[in-house]
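Protein sequence lines, in the order shown, are assigned to chains A and B. Plus 14 on top of the position in the first sequence (first one is 1) and you've got the numbering used here. Plus 2 on top of the position in the second sequence (first one is 1) and you've got the numbering used here. Report on one structure; see the data block that follows.
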Amino acid sequence: MNNPQLAQIWVYLAASPLFGLTITLAAYQLAHHVYVRSGRNQLLNPVVTAVVLLIILLQLTGMPYQDYFAGAQFVHFLLGPATVALAIPLYRQFAKLRQLWLPVLTALVLGVSIGGLSAVLIADMLGADTRTLLSLAPKSVTAPVAMGIAERLGGLPSLTAVLVVSTGVIGAVFGTRLFDWMGIRDDSVRGIAMGVAAHGIGTARAFQVSSEMGAFSGLAMALSAFLASVILPWLVRWVQ
Amino acid sequence: MSTDFLFGITVLLVYQLIGEIITRLLQLPVPGPVIGMLLLFASLFLHHNLEQRLDAASASLLTHLSLLFVPAGVGVMAHFGRLEEQWLPILVALVLGTLLTLAATALIMLGVSRLLGHGGKTGHE
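Below you can see the structure in the form of structure tokens.
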């Protein structure tokens with residue numbers, strides 16, 4: 015930047031949360047537009063496209079992640095009220111949930127354990143170090159809870175956040191295909207599995223399929239967050 | 003901003019706040035928003051018109067749920083070194099572990115439903 019005025023403007027922008035917030039919203043909308051235009055091709059999941067766009071932009075401008083997050087945290091913050099809001103679709107599906115409470119509860123307890131154990135055991139076999147293993151354990155749990163669990167286990171919460179997002183994208187991309195291939199068509203079953211394995215990103219995908227699948231996925235995500243914070247620390251200590 | 007949206011977002015934040023206070027007071031391992039969600043769920047049964055009044059705020063948050071994960075996703079930047087070193091175990095654990103969890107959870111739920119005899123509602127069609 016040769017123009018001293020432009021350089022000054024950049025100094026202002028880099029120090030203000032406005033820039034990080036604006037590019038997050040803009041990148042997501044561009045990514046969402048691409049996704050819709052592609053006929054909702056899951057490989058163009060808007061989270062991935064937006065993250066790639068933002069990383070390229072931050073690398074080009076040399077802005078550190080902390081400065082970016084100073085603005086992006088306003089979006090990140092909304093994860094809290096969005097989690098609370100899951101009570102509403104859950105309430106709407108309550109009649110069906112009451113009928114299915116035992117299969118749901120069994121699937122949740124075992125699903126949470128399998129989600130944590132499978133990741134830790136596979137990565138351990140292939141030679142990941144302890145910090146990586148501890149950060150991987152809560153990979154299927156919704157981001158704010160997973161970060162808390164990783165911290166208590168001695169993992170790296172910020173690495174866990176990335177692994178959680180990747181897990182969600184993998185679930186969103188392959189989940190419905192896997193269910194089709196397995197011949198599982200019931201939206202309550204598909205939703206529960208999606209919410210346990212792929213938390214909020216899987217739930218976002220499930221809401222696109224049907225509001226029933228979304229509600230069950232949201233329920234599974236919320237209850238498995240609860241169960242994971244009890245089961246995973248105990249399970250990891252047992253494996254070690 | 004509509005009045006209902008404003009009301010909705012305020013209610014959601016109040017429940018989150020109560021959740022955060024409870025989880026700290028009782029030193030629960032569960033995060034505040036999850037407690038807030040459970041409390042709101044219970045409240046919806048007590049106040050039947052609450053569901054409708056929360057509709058605008060909850061729908062707008064939940065339809066763009068993926069957006070909320072973008073800032074955490076960009077955090078991958080801070081871990082390029084570790085990922086470069088251990089990309090294989092991490093990648094296999096993520097992909098294989100997630101597919102396994104999806105399949106196992108679905109099969110367990112189907113299996114238990116069948117055992118209980120309501121397989122007709124949840125089984126293969």
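Beta carbons: idealized from backbone N, C-alpha and C, even for Gly.
Contact under 7 Å by Cβ, residue i with residue j
| i | j | result |
| --- | --- | --- |
| A:V159 | B:L42 | no |
| A:L92 | B:L8 | no |
| A:V118 | A:S238 | no |
| A:G85 | A:G34 | yes |
| A:A207 | A:N59 | no |
| B:G77 | A:V176 | yes |
| A:L122 | A:L241 | yes |
| B:V114 | A:I184 | no |
| A:A101 | B:M39 | yes |
| A:G94 | B:P35 | yes |
| A:Y82 | A:L74 | no |
| B:A80 | A:Y79 | yes |
Residue i at chain B interface by Cβ criterion, 7 Å
| i | result |
| --- | --- |
| A:G205 | no |
| A:V253 | no |
| A:F240 | yes |
| A:A86 | yes |
| A:S132 | yes |
| A:P31 | no |
| A:P60 | yes |
| A:V123 | no |
| A:I136 | yes |
| A:V176 | yes |
| A:H90 | yes |
| A:I245 | no |
| A:A142 | yes |
Buried/exposed call for residue i, threshold 16 Cβ in 10 Å
| i | result |
| --- | --- |
| A:V210 | buried |
| B:Y17 | buried |
| A:Y26 | exposed |
| A:I136 | buried |
| A:Q256 | Because chain A here runs from 15 to 254, residue 256 of chain A falls outside it and cannot be looked at. |
| A:R251 | exposed |
| A:V155 | buried |
| A:A157 | buried |
| B:L26 | This sequence places Arg at residue 26 of chain B; Leu is not what is there. Exposed is the call here. |
| B:T65 | exposed |
| A:E226 | buried |
| A:R219 | buried |
| A:H213 | buried |
| A:V253 | exposed |
| B:H126 | Since pLDDT at B:H126 reaches only 45, below the 50 mark, its modelled position is unreliable, and the value read off the structure follows with that caveat. B:H126 should be labelled exposed. |
| A:R204 | buried |
| A:S180 | buried |
| A:P50 | The sequence as given places Val at residue 50 of chain A; Pro does not occur at that position. Flag for A:V50 reads exposed. |
Closer than 6 Å: residue i CB and nearest the ligand NAD heavy atom
| i | result |
| --- | --- |
| A:S225 | With respect to the ligand NAD, the structure offers nothing, as it holds no ligand at all. |
Chain A contact for residue i (CB, 7 Å cutoff)
| i | result |
| --- | --- |
| B:A58 | no |
| B:H49 | no |
| B:I24 | no |
| B:G122 | Bear in mind that a pLDDT of 48 at B:G122, under 50, signals an unreliable position, so the number given afterwards is only what the model happens to contain. With 7 Å as the cut-off, B:G122 does not count as an interface residue toward chain A. |
| B:Q29 | no |
| B:Q18 | yes |
| B:F9 | no |
| B:S4 | no |
| B:V88 | In the sequence under discussion, the amino acid at residue 88 of chain B is Gln, which differs from the Val named in the question. True, the Cβ-Cβ gap to chain A drops below 7 Å. |
| B:F82 | no |
| B:S62 | no |
| B:G75 | yes |
| B:T12 | no |
| B:G38 | yes |
| B:G99 | yes |
| B:E127 | Confidence at B:E127 is low in this model, with a pLDDT of 40, below 50, so its placement is unreliable and no value can be given for it. |
Quick check for students: name the residue ranges of the alpha helix (DSSP H) that lie wholly in the segment 72 to 118 of chain B, counting only runs of 4 or more. Listed in chain order, they are 72 to 76, 82 to 87 and 89 to 118.
Which residues, taken in chain order from the segment 215 to 226 of chain A, show a beta carbon closer than 9 Å to some beta carbon of chain B? For the segment 215 to 226 of chain A, the set of positions with a beta-carbon nearer than 9 Å to some beta-carbon of chain B reads I215, G216, T217, A218, R219 and F221 in chain order.
Any chance you could list the alpha helix (DSSP H) runs of at least 4 consecutive residues sitting entirely within the segment 18 to 54 of chain A, in chain order? Segments of the alpha helix (DSSP H) lying fully in the segment 18 to 54 of chain A: 18 to 29 and 31 to 51.
Which full runs of the alpha helix (DSSP H) of 4+ residues lie inside the segment 45 to 122 of chain A, going along the chain? For the segment 45 to 122 of chain A, whole alpha helix (DSSP H) runs of length 4 or above, ordered along the chain, are 60 to 75, 79 to 91, 93 to 99, 101 to 106 and 108 to 113.
I'd like the ranges of any alpha helix (DSSP H) spanning at least 4 consecutive residues and lying wholly in the segment 115 to 160 of chain A. The DSSP assignment places 115 to 139 and 144 to 150 as complete runs of the alpha helix (DSSP H) inside the segment 115 to 160 of chain A, in order along the chain (cut-off: 4 residues).
Taking a Cβ distance cut-off of 8 Å, strictly less, list which residues of the segment 95 to 107 of chain A are near chain B, in chain order. So the list reads P95, A96, T97, V98, A99, L100, A101, I102, P103, L104, Y105 and R106, given in the order they occur along the chain.
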